[in-house]
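Quick notes on the structure that follows.
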């Protein structure tokens, strides 16, 4: 890797880290289509390389969210354990799937997620509160489903868990993002290990991305806590649509 490529990856990591802190997703959701479009990586390699950045970003973001809005350890452990198991099983399947099939599956995943978030914005929402609408034992189910999605697509499951926590369980956006990061850490860790063991990681690209992300993710977390609730949800929805469009265009160009 030459100096220009190193600086480019560092700058990309800075941008992705800021977005990861802002939306509580570690930056992987945007890194995957960028790595596919700009650098021509196939789907599994893009997901594995993005995870090199995502794992340390998630670790730092959890700490920052916990400093500003304490994360309940019971909730975090239940989400983390179930997501770990399901992410491990799903990642073993994902590394064997045809790359083109996996890419289109990822496009469908993003579109479905974007549609769900758009629907939530159009429907009347009950006000968020400090009390959960449902027993926290259901977090085990949420952790399993989100972890499986993270194992398949390398996005840690936080992008699935965040809207569910706000709409179904009634948490605020920042609380949901903090809990989602607790879920994402074990699932991204085991998924990265699985992808690495199957040679689906470009470490030369991933490490500079991770350094850039670590330098900037705190900015995103600080920004998330300064924005109005409705604006943060709107930005999150727009972010999902943008990612889906990028990957759909890239996938269509390869047909």
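In this note's numbering, the protein residues as written are 74 to 328. Glycine residues also receive a C-beta, built at the ideal position from the N, C-alpha and C atoms. What you are looking at is a predicted structure, and each value in this text was computed from that prediction instead of being measured.
Pick out whichever of 291, 122, 284, 221 has its Cα sitting closest to the Cα of residue 270. As a working mapping, residue 270 is identified with position 197 in the chain shown. That would be 122, whose Cα lies nearest to the Cα of residue 270.
How many Å lie between residue 227 and residue 120 at the Cα? By one-based count along the chain shown, residue 227 stands at place 154. By one-based count along the chain shown, residue 120 stands at place 47. Each residue's alpha carbon lies about 5 Å from the other.
The segment 213-232 contacting the segment 258-269, beta-carbon criterion three pairs below 8 Å: Yes, the segment 213-232 touches the segment 258-269.
How is residue 241 classed by DSSP in three states: helix, strand or coil? What you label residue 241 is simply residue 168 of the chain shown in a count that begins at 1. Residue state, collapsed to three classes: coil.
Nearest candidate by alpha-carbon position, reference residue 91, set 248, 312, 273: On the chain shown, residue 91 is found 18 positions in, with the first residue counted as 1. Of the candidates 248, 312, 273, the one whose C-alpha sits nearest the C-alpha of residue 91 is 312.
Note down the Cα distance separating residue 182 from residue 316, rounded to an integer number of angstroms. By one-based count along the chain shown, residue 182 stands at place 109. By one-based count along the chain shown, residue 316 stands at place 243. Taking the straight line joining both Cα atoms gives about 11 Å.
Mind checking which residues open and close the alpha helix (DSSP H) that includes residue 144? Here the question's residue 144 lines up with position 71 in the chain shown. Taken as a continuous stretch (DSSP letters only), residue 144 belongs to no alpha helix (DSSP H), as it is neither H nor E.
For residue 206, the three-state DSSP class (helix, strand or coil): Here residue 206 refers to the residue found at position 133 when the chain shown is read from its first residue. Three-state result, residue 206: coil.
Within a Cβ cutoff of 6 Å, which residues of the same chain sit near residue 114, ignoring the five residues on either side of it in sequence? Within the chain shown, numbered from 1, the residue matching residue 114 stands at position 41. So the list reads 108, once near-sequence residues are dropped.
Starting from residue 259 and walking both ways along the alpha helix (DSSP H), at which residues does that stretch end? Taking the first residue of the chain shown as position 1, residue 259 is located at position 186. Residue 259 -> alpha helix (DSSP H) spans 246-270.
Mind checking whether residue 175 and residue 163 have CB atoms under 8 Å apart? Reading the chain shown from its first residue, position 102 is the one you call residue 175. Reading the chain shown from its first residue, position 90 is the one you call residue 163. For the 8 Å CB-CB criterion, residue 175 and residue 163 do not form a contact.
Could you pull out every residue in the same chain whose Cβ sits closer than 6 Å to the Cβ of residue 249, ignoring the five residues on either side in sequence? Residue numbering aside, residue 249 sits at position 176 when the chain shown is read from its first letter. Within the same chain, residue 249 has close Cβ partners 235, 238, 239.
How many whole angstroms separate the CB atoms of residue 125 and residue 282, which I take to be in contact at a CB cut-off of 8 Å? Position 52 of the chain shown holds residue 125. Position 209 of the chain shown holds residue 282. That belief holds up - the Cβ atoms of residue 125 and residue 282 are roughly 7 Å apart, short of 8 Å.
Buried or exposed, going by whether 16 or more other CB atoms sit within 10 Å of the CB of residue 179? Locating residue 179 in the chain shown gives position 106, where the first residue counts as 1. Buried, because 16 or more other Cβ atoms sit within 10 Å of the Cβ of residue 179.
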